[in-house]
Structures are given as C-alpha cells and as structure tokens.
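S.K.: What the first sequence shows, in numbering that gives the first Met the number 0, is residues 0 to 966, in sequence order.
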Amino acid sequence: MPRYDPHRIEPKWQQVWDDRGTFVTPNKPPPGTTGKLYVLDMFPYPSGAGLHVGHPEGYTATDIVCRYARMKGKHVLHPMGWDAFGLPAEQHAIKTGTHPRVTTDQNIETFKRQLKMLGFSYDWSREFSTTDESYYRWTQWIFLQLYDTWYDPEYEWTGPDGQRRRGKGRPIAELPLPPSLSQAGTPDATTTVAIRRYQDAHRLAYQTEAPVNWCPALGTVLANEEVLADGTSEIGGHPVERRPLRQWMLRITAYAERLLAELDDLDWPESIKLLQRNWIGKSIGAEVDFLVDGASNPGDSVSKPGDSVAGTHPDFHAWKAHRGKSGFPPTPEPNVLRVYTTRPDTLFGATYMVVAPEHPLVDRIATPAQRAAVDEYRRKTALKSDLDRTDLAREKTGVFTGAYAFNPVNGERIPIWIADYVLISYGTGAIMAVPAHDERDLAFAQTFHLPVIDVVQNPAGDNIGFTGEGTAIHSGSYNGLPTAEFKRRITADLAAAGLGREAVNYRLRDWLFSRQRYWGEPFPLWHELDAEGNLTGLVRTVPESELPVTLPEMEDFKPKGTPEPPLSWAPEEWLYATAPDGTRLKRETNSMPQWAGSCWYYLRFCDPHNCERFVDPAVEKYWMPVDLYIGGAEHAVLHLLYSRFWHKVLFDRGYVSTPEPFRRLVNQGMILGETEFRVFKDASTGRYLSPEEAERTPEGQVISERVAETDVVKQGEGFVLKADPSVRVEARAYKMSKSRGNVINPDDIVREYGADALRLYEMFMGPLEQVKPWSMSGVEGVYRFLARVWRMFVDERAETVTLDAAVQDVPPTVAQQRLLHKTIKAVTEDIEKLSFNTAISRMMEFTNAFTGYNPRPRACLEPFVLLLAPFAPHIAEELWELLGHDESLTYASWPAWDEQMLIETEIEIPVQVNGKLRGKVRVPAEADAARMQAIAEAEPSIQAHLAGKQVIKVVAVPGRMVNFVVR
RNA sequence: GGCCGAGUGGCGGAAUAGGCAGACGCACGGGACUUAAAAUCCUGUGGAGGGUUACCUCCGUGCGGGUUCGAGUCCCGCCUCGGCCACCA
C-alpha cells in the first residue's frame, strides 16, 4: 500500500542531493543562467538546545526563493554557517569543564543534522564557523584594517559604484600631522612617539580608559546595545555597573552620517530603518557659549547673587567684544561653559544651567561654600549603576555649584547646577535649562524652586510645559517670530557674534569592542612594555603573515570576578615576546565581542576557502550585494548596524565594491506557542476568578488550569466554559519557553509529519513578517494536503508506487487549462511577493479541483509538481521521478502562464441598487457599460428593486459591477 | 512618556488600484464507506429573523464621525493590544 510516506521519500532525496552535489554552486555562472542571486539567512548561534521552530521559518522562506530562482535560471548563492563564538558556550564550558570547542563542535553537528533533515538547498561546501582559525584569521585581518584607518570627513571622492561622496576612511599613513610634529628629516625618538600617539588618537580602533558597562555576574563589559533600559544585561538579566577600564573602541560615530543617509535607498522595512535612524539619533541645533561669572577666581565673583547686572557687566562686555572680533573658538576658554541645544530659540527662557557631574569645569567653578555638597553628589553619582539611575522613578536630583553664568543674548546672570539627568557623553555635557519648554527642566525647576520664563506662545493652550513650535515672546527683538525662523535667525546671529554655531549631534556612541572572555577572537595586537613591565599605551600590530593569532590552550578560563580577562593567565610563551628592536611585548588579552564574526560572514561565503585574501575581489564583485536577507527583527540595531559599519570601512579602503551589504531585508515574525485556554481559581476558596481578578491576586494564591479549546465558547468579547458560561476563560498565546513548557521541537514534527509538512505549515501559518501562534492541527491540515497531492498521482491500491490510471496523456479541458494557468500565475506572483501562505492556498485549490477529475491530464499535473517543488521539494522530486523524469527538478524550467488562457468569455458581476447587492448577472467579458446596464435591468430580481423608483444615476464599471442609484 | 505596527467568523488568515467581505486551512455539524474504528470521500458552517423546497430580509471588518453611487480599504477623532526606545537637551 504505497501511502504518502515522508519518511521514505525525504531521506532518499536528501541523499540524492548530497551525492550528486545538486546545490554546490560554482563561482563562475554556469552557461544558460541569467544573472546572480545571493540569498542569505542570518546564520544561527549553535546553542545546546538545538534548532527551534523559529529557525526553519526564515530558512524555509529563503529556500523557496532560491529553489524558485534556480528554476527561473538564476545563478543562486545560498550558504549556511555558524556564529559560534560567544558567552553561552563559554559558560557551559565553565560549568561542565568541557572545552568550548568541544561543545561548539557538538552543537554544530546537531544543527547541521537538523537543517539537512529539513531539505534546505544550501551549498554545504561553503560551510564555515566563525570559530574556525581559517575564518577568524580574516576577522583579525579586518580589525587591522580598522586599526589602520582614520576618517576624513572632508575628503571628496568617487567610489567604485561611481557615486560622488564626501567623507572617507583613509589609511593612517595619510593622516596629516600638525605642524609641531611634521618636521623635516627623520623624526627623533620623542617625536616618533608623539606621532604614534597622534595617529592612535585618530584610528577607527582605539583604546580608552572610560567608564564602561561592567557586569560582575558575566565577568565582562558590555556594549551599550547589550545593556537593557533597566540597567541589566541583555543576556541573563544581570545587574550592570559603571566602571572605568581600559578598553578597545571602534569609532562607529565617524560613520554616523553615512550610516544614516545611506539607509534611504535600501529595500528594508521602514520600521527597521526607523529603528536605526532613532538609534543613530541625529539632531540639529546649536552650540552656545556662556561666560562663567568669576570662574577665573572661584569664590570671588565680581558680582553678587541678586545683583541687577543684565547686559551691563564689565567682564561680560569685554568677553563679548573679544568674541565679536576673534569668532567662535573650536574649544571654549577655561571660564566658558559651552552647551548644546536643539532649541536656540528658547535662549531667552534659560533660567539656569546644568552640567553633568563628570564635567571637567565643575572643579573650577564650584564655590567653597558648595564644594562639599558638590563633591558628595559627584561621589554618589559615580557609584550609581544605570539600574539605580533609572529606578529612581525620575525623581530629579542635583546640587547648586555656587557659580553663575551670563546668558549671551541678554547678559542675564543664571545659576549653574550639576545633575545626573545631564549626560557627559552627549553633546557638550552641559545644557541651558529652559523649564518652560522642556519637561525634564520643568521637573527639575519645580523640585528646586527655580524660575520659569515662557518664551514660546502656544497656539493652543498653556505656554508652560509646551514643547512644540509656536511664536516667540519675551525674546527682545525676536518677538513674534515663528520657532523655525527664530532658530535660523538666532543661530546666524550667534555665529556672527562669535557666541555660537550650528551643531549636529548623534545619540550613537562609539562601539565598545573588547570583552573579558576566553571564547572569542584574540586581538592581533601586542602592547609595548616599559622597563618595569607596565603598558606604555603604545601597541604594535601582529604582521599579516603571522595571522591568525590563535587562542592558547587553557584549562582554566573561569572569570575571577575581576575585570582581568582569562587570556591574562594564558601560558607565558603565548603572552610575552621580545621584538627585534628589543622591546618587550605583551599580548592584548581582551577578546573581540560575538558581533565581530557576524559582521562580515556574508563576504566570506562568496569565497570561503581563499587562503590568500578574505575574499577575492572579482568574486566579491560578482556576488555582492546580498539580494535578500531574512532574519529576526531582534538584530535591527545591533548586527545590522555593525555590519554596515564594517562594510563601509572595507568599501572606503577599496576592499569591497558596494557601499551597503544588504540590498533587501525582510524580518520574519516570531512563532508563539499554541494558544492556551485557562481558567483561574482562588487557591484557598476554590472559587473561579475572572482573568482580571487573577491578574490582581498575588502569585501563590491563584491556581490556573488549562482547558481544551473544544470546552470553550465565545461570549461577547471573551470566552467562557461551555459547561458553565459564568466562568470566564483566558485565551492567549505565549512566547515559546522551556519554563512554560510550550516549546515545539522541529525534530518531533518531522518525526510525525515529515519535513515537507513542517516547511509547508510554517509558510501557511500566515504572512512571513507577522507574529503567529503555533497550531498542531494546522500541521495536520497541510499534511493531509500533501497526502491528497500524493493520491492525485499515485494509485494507493497498487502493490508498488505507480501512477494512478486517471493520470493520462489527454488534452486538458478549457476549464482545466484556465485553472492551471491561474495557479501558475498566482503562485509565481506570490513567491515574488514572499506571500507564501496565499501561494499554498492556490495550490490547495488546484488540488481540490483536480482530484475530482478523471482523467487527470498529465499536461496539467506536471507543471503543478514544479510549482510545489520550492515549498515541498521531497514529495515534488518523488512525483517528478514517478512521472518519468531522470533528472532532479532542481534546474527544470519554472512553468510559464499564458494570459490568453486566463481570458473568460463570460463573467459574473454584482448588481447593486443604492450600493446594496441585489443580484448577480452573467455578462460577456468585453461588455461595455451600456450593455452591462441593459443586462442588469433585464434581470427580474433587479426589476423588482427598481419598480416604482426613479433611477437618477447608473454607475457601470466594465468587468466589475453595476450600481443603480434610485429615489 | 515617545515612536512604530495591528484590530476581519469559534481559531490562523484571504480580499490588485475604493467595486460580490470571509478565499485556503483548522475546529465543529450532517452523511457515505466500514461489523466497528482509523483513514478517505461528499456536504453544511459570520450573526439574527422570516418562509412551502431550490428562497427572502436585516445586521456585520475595534468605536464615533466624514468623503463617495459604493469604504475592511481613503480622511478626522477615539479605544484596545503588540513591539521597540525610554532623562540624548
């Protein structure tokens, strides 16, 4: 009895594809192909848990596109690999004592087996892991390129894509030196060091001693992107504190403008572009300088608080006059406080100033009377973790420094405070506070009873607390100007007076690129040591010929609770060396973050076995950019921003041919667990609770019980028990999680229904990009469909697998032809739109119709098998073979549809009276408006509705509908 | 709090470009086959009301308005849910 048996068919074809190398892709386009298509999945981190059902969602989508494209004659690159460095493997290793390399290899094996089981058409000959020495050798090499590059924002050039650009990453050797360093002849030793330090300060990869996000539980520092808003780590949710440490940073901020501007032309979801735009956070405003009163001589202000000095103070006048001549300096004088504002139009409303507690000016300006309070506040802030800072429920805190500054527009003398709501890392680390038109300033002013002056007229409502645009008031000669105009005018006026200038700021910070981990790429760097064995701050790169710097074999890589990286207790011979010039060297013992490997893997897939280069230029030019990239939205600002940054540096340095790596991006939606129906009871009384009551009742007091879907019935907005309609039932789908016990394992699905059914179901669930709950009976539904397809071809009563007698070489009927061509057209267009759920429903309709025919013309069934192939490749290959083909259908031609076949001679159209459907009539397809109206009027049921009424208008859209407007 | 997205049967979801709301699948009901079950096949299924049978009427795409001959689709104002970011001056 040859029933549909995926467990016989699927391994058979997977073996065939493997043996014949069906999906091995040469870098040269084979004859007959029409252009390349690079389709990429976000390669997985091979965790110990194995594949979950979220992986095959995106992977099936790309696989369908690839299989379709091959049949359309495209030369398709579809690779897979492993993003295998990272914390989980290392933590597992620490727990179990197994080397991370061992667990990583095991996990990769599991993942690979699972992916192969699903029949994806990857070119496995291109497989690699980011942990392979032959791969991370080039990750290190790219780091060296970053290290060798500085960003010249003024440089104008034409890229390999022919576009004129401004701003370029250039070799550090081309960095112009300041006059003091660019002396003629061979520089002396001191100058050489000075030059090196000058260059180091401009490189895209640089060291800094800065407060970083230190996570004691994970034993590492984290990038800003890896710390959640509540101050805990993205991985594990551990507390994170601020701590100064020497770290490697990547100057991604240099590329902020290009990362922002070049988003525009990408075929990415607008939501993801917006996320990146917000993350980069460009704002345009002005820098404005405020002279500090008496700052040159703290505690001895030339004027006293409360003095009426507006516009008359001698120091202020002298300074202003000086600025009028000398202009706005790149860095302000020591007694000047520079602020950044996006609302220079509110300058007249500035009633106080706030500097970040870490601001260097604080020491100069704090008065003796306020000194103790200021120091105490600074000490407390420094100790505060981000968690504490945000957990304070936004209660504003701060301390008066005792100092005052003059508002440059009106000479008004205003107090300077310190407060932690001003961040040292943004803008100038200081603000002018305009409480009337800024929420945060208002909250602060109210807490500390500072004056509030409104300077913007709200066109609709109160001025105080109004942060929108309006008309200027209380602003001297600027009164009456609309906000936008005011901004332009005052920015220009300040610039002319040497008191301010237009300024752009970005929320984006430089990327903290070092981690205190064992299981990551070592930096290809040596530190120079001085005679005492201390770091000098100068580094040397490992020569390209000596790459890779491999991880040393170590037994113990457990963090010691200090920021000392595990590599710092690596074997001596790994750790130390002496340079040919006699300098003692110590390795950089930090390692790279997990993002490093995923920043460029798509380039390596083009040319994975190249030992000479990270990618061959001609091969890169052929395959890049990635035409379609599918993965989860969780990488919207991390991986996708970092890769774009690296790619642009490589582009600037001439190593890649495109400015952007990923032309089209699609995010798959998360798959939730099955919808759960629950009733709640009070633990002590046993009384039923409504879902809302259960929500309010404390944890241990509620018993929740799952009930079957069939025991539940809809009532009003919600659900109730069938047996007892007074009991309300909660219906909800949750994220899959081990603790909830609702995880679906792909292995189980394949074991029961086969890979084709799993693939088909995941595509049939709904739109790719949407969040959707799993449904076990939905899987059975598509399995039944596949079995129906099977029986459309195969005689199940025969002894062996043979074609059903109904499958015959007979000419199809007109109706059969039409359905076939409609199906071809719909499926083709749906694949192009990635609308796989509707493509599948079209194939179901075809099957429903054709199983009812006898005979079933082979001329219709053969193309159908090809349509099905991208979705359910195993059963399609099996049926293709059964139909007498020796070759795999992988490279068979995709069926074409004939528009002539779709034309109907007669169509049914709706007839409306006053917009309400009152009947349907059949009309010739080519009937014009008048003819359609005539046929509709002749229809008895329509006549009944028109009887006794006056027709005042008739709308007839040919091929669509007729509507009578009557009175 | 800000931004983005989404609300359509019991459920997942369809519906070019404003033109027959609910394709396809699930679940459920009825029937056939069977000793029986499974499997399969046929068939019904948005709600309410009416009718003698193949039928008719009204209501219906989160809520309230608007534009239009005609609105799930466009506009205005709300509500709810989901996601992301949250002191960025």
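No residue lacks a Cβ here, since even glycine has one placed at the ideal position from N, Cα and C.
Note that the structure is a prediction, hence the values are computed from the model and not measured.
#1: Ordered along the chain, which non-local residues of its own chain (more than five positions away) have a Cβ less than 6 Å from that of Y477?
#2: Under 6 Å Cβ to Cβ from N26, same chain only, skipping five residues before and after it: list those, please.
#3: Using the Cβ count rule (16 or more neighbours within 10 Å means buried), how would you classify V538?
#4: Taking the beta strand (DSSP E) that T219 belongs to, which residues open and close that run?
#5: Does the beta-carbon of M591 have 16 or more other beta-carbons within 10 angstroms, so that it is buried, or is it exposed?
#6: Looking at the structure shown, is G47 part of a helix, part of a strand, or coil, going by DSSP?
#7: Grab the span of the beta strand (DSSP E) containing Q714 for me, first residue to last.
#8: Could you pull out every unbroken beta strand (DSSP E) segment of at least 3 residues lying fully inside the segment 643–690, listed in chain order?
#9: Rank T889, D263, A204, G118 by C-alpha distance to the C-alpha of Y150 and give the top, closest one.
#10: Near P957, what residues of its chain come up, given a Cβ to Cβ distance below 7 Å and the 5 sequence neighbours on each side ignored?
#11: With a CB to CB cut of under 6 Å and the five nearest residues on each side skipped, what residues in its chain are close to A68?
#12: Considering only their Cβ atoms, is the gap separating K395 from R442 smaller than 8 Å?
#13: Looking at F84 and E691, is the spacing between their C-beta atoms short of 8 Å?
#14: Hey, out of M431, I902, T345, whose CA is closest to V454's CA?
#15: If you run the structure through DSSP and keep just helix, strand and coil, what is Q13?
#16: Please list, in chain order, all residues of the same chain as V361 whose beta carbon is under 8 Å from its beta carbon, the five residues on each side excluded.
#17: Less than 8 Å separating the beta-carbons of R758 and P55?
#18: Using DSSP bridges, identify the partner residues of H473.
#19: Using three-state DSSP, classify S282 as helix, strand or coil.
#20: Here's a check: name, in chain order, each residue in its chain whose Cβ is nearer than 8 Å to the Cβ of R7, leaving out the five neighbours to either side.
#21: With the cut-off set at 8 Å, would you say G410 and H321 are in Cβ contact?
#22: Grab me the residues of V282's own chain with a C-beta within less than 6 Å of its C-beta, minus the 5 sequence neighbours each way, in chain order.
#23: Do the segment 15–25 and the segment 802–819 meet, that is, are 3 or more Cβ pairs less than 8 Å apart?
#24: Report all residues from its chain with a CB closer than 8 Å to the CB of M352; omit the five preceding and five following residues, and keep chain order.
#25: For a quick check, are the C-beta atoms of W518 and E89 less than 8 Å apart?
#26: Can the beta-carbon of D897 be found less than 8 Å from the beta-carbon of H820?
#27: So, does the segment 86–103 touch the segment 544–562, judging by three or more C-beta pairs under 8 Å?
#28: Can you give me the C-alpha to C-alpha distance between P45 and K915, rounded to a whole angstrom?
#29: Between which two residues does the beta strand (DSSP E) carrying F399 extend?
#30: Nearest to R966 by CA position, among L881, A955, V954, G947, is which residue?
#31: Compute the beta-carbon to beta-carbon distance between F835 and A60, rounded to the nearest angstrom, for a pair I have assumed lies under 8 Å.
#32: Quick one: what's got a C-beta closer than 6 Å to V711's C-beta in the same chain, skipping five residues either side?
#33: CB L244 to CB P562, shorter than 8 Å?
#34: Any chance you could list the beta strand (DSSP E) runs of at least 3 consecutive residues sitting entirely within the segment 849–890, in chain order?
#35: Identify, in the order they occur along the chain, each residue of the same chain with its Cβ nearer than 7 Å to the Cβ of S295, setting aside the five sequence neighbours on each side.
#36: On the criterion of 16 or more Cβ atoms from any shown chain inside 10 Å, does W267 qualify as buried, or is it exposed?
M.R.: Straight from the coordinates:
#1: A471, F485
#2: V618
#3: buried
#4: 219–221
#5: By the 10 Å Cβ count, M591 comes out buried.
#6: coil
#7: 711–714
#8: 664–667, 675–681
#9: A204
#10: Excluding sequence neighbours, P957 sits near A926, D927, A928, M931.
#11: L36, V75
#12: Checking the sequence shown, residue 442 turns out to be Ala, not Arg. Yes; because the gap between Cβ atoms is below 8 Å, this pair is in contact.
#13: It is not a contact, given that the beta carbons lie outside the stated cut-off.
#14: T345
#15: helix
#16: V354, V373, R377, T400, I417
#17: Closer than 8 Å, so yes.
#18: Under DSSP, no beta-bridge partner is assigned to H473.
#19: strand
#20: none
#21: no
#22: The identity of residue 282 in the sequence shown is Ser, whereas the question assumes Val. If we look at S282 and ignore the five residues flanking it on each side, its Cβ neighbours are T341, N504.
#23: no
#24: Contacts found: F289, L336, V338, A404, I413, P414, I415, W416, A429, I430, M431, A432.
#25: yes
#26: Taking 8 Å as the Cβ cut-off, D897 and H820 qualify as a contacting pair.
#27: yes
#28: Taking the straight line from one Cα to the other gives about 58 Å.
#29: Here the beta strand (DSSP E) through F399 covers 398–405.
#30: If we check each option's Cα against that of R966, G947 comes out closest.
#31: Yes, F835 and A60 are in contact; Cβ-Cβ is about 7 Å, under 8 Å.
#32: F676, F718, V728
#33: yes
#34: none
#35: For S295, the predicted model reports a pLDDT of 42, less than 50, meaning its position is unreliable and no value from the coordinates is stated.
#36: buried
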